[in-house]
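> Dropping the structure in here first, questions after.
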Amino acid sequence: MKSRHELRESVFKILFQVENTDLDYRELLEFEVDDVSGSEYVTRTLDDIFAKKEQIDEIISNNLKGWKLERLSKMDRQILRISTYEILFTDIPYKVSINEAVELSKKYSEKDDSYKFINGVLKGIVETSTK
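According to the UniProt record's numbering, the stretch in the sequence shown is residues 1 to 131, in order.
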């Protein structure tokens, strides 16, 4: 059984693949191991992120200072989407979600200090969403 951290990483990888291929996320899920493809967390998270993608992207964009969402690396965009979704639409504590986003960024982002940027954007989202 995969941990929530490992499942979140699988969601990240699927989101990244969707942005880089012509495949639908449901098609990509078919290629995953049973722990991932059968995970309620993975399925629900992907379904909800794609259903709310415009809203999530708008919230992220509103919290980018001097940046446009399209200019961010594809990896950073996916990390921000997952965490923004978790912060706004789940009962996962925002500190957990931000920490997980920072860890994903340290592992996958192209720039060494992307995690600082991601942390700042997500803290802004938390601050603006609680007011």
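The beta-carbon is built from N, C-alpha and C at its ideal position, and this holds for glycine as well.
What number of angstroms, rounded off, separates the C-alpha of Glu127 from the C-alpha of Met75?
Locating residue 127 in the sequence shown gives position 127, counting from the first residue. Locating residue 75 in the sequence shown gives position 75, counting from the first residue. When rounded, the distance between both Cα atoms is 23 Å.
> Could you tell me the distance, in whole angstroms, from the CA atom of Ser39 to the CA atom of Val18?
In the sequence shown, counting from the first residue as 1, residue 39 sits at position 39. In the sequence shown, counting from the first residue as 1, residue 18 sits at position 18. If you take the alpha carbons of Ser39 and Val18, they lie about 18 Å apart.
> Exposed or buried, what is Glu100 when buried is set at 16 or more other beta-carbons lying within 10 Å of its beta-carbon?
One-based indexing of the sequence shown puts residue 100 at position 100. Classification of Glu100: buried, given that the 10 Å Cβ count is 16 or more.
> For the segment 52 to 66 against the segment 83 to 97, do three or more pairs of beta-carbon atoms, one drawn from each stretch, fall closer than 8 Å, so that the two count as touching?
yes
> Return the CA-CA distance between Lys123 and Asn62, expressed in angstroms with no decimal places.
Walking along the sequence shown from the start, residue 123 turns up at place 123. Walking along the sequence shown from the start, residue 62 turns up at place 62. Lys123 and Asn62: Cα-Cα distance of roughly 13 Å.
> So, under 8 Å CB-CB, Glu27 and Ser10 are touching, yes? Tell me the CB distance rounded to an integer number of Å.
Here the question's residue 27 lines up with position 27 in the sequence shown. Here the question's residue 10 lines up with position 10 in the sequence shown. Not a contact, Cβ separation roughly 15 Å.
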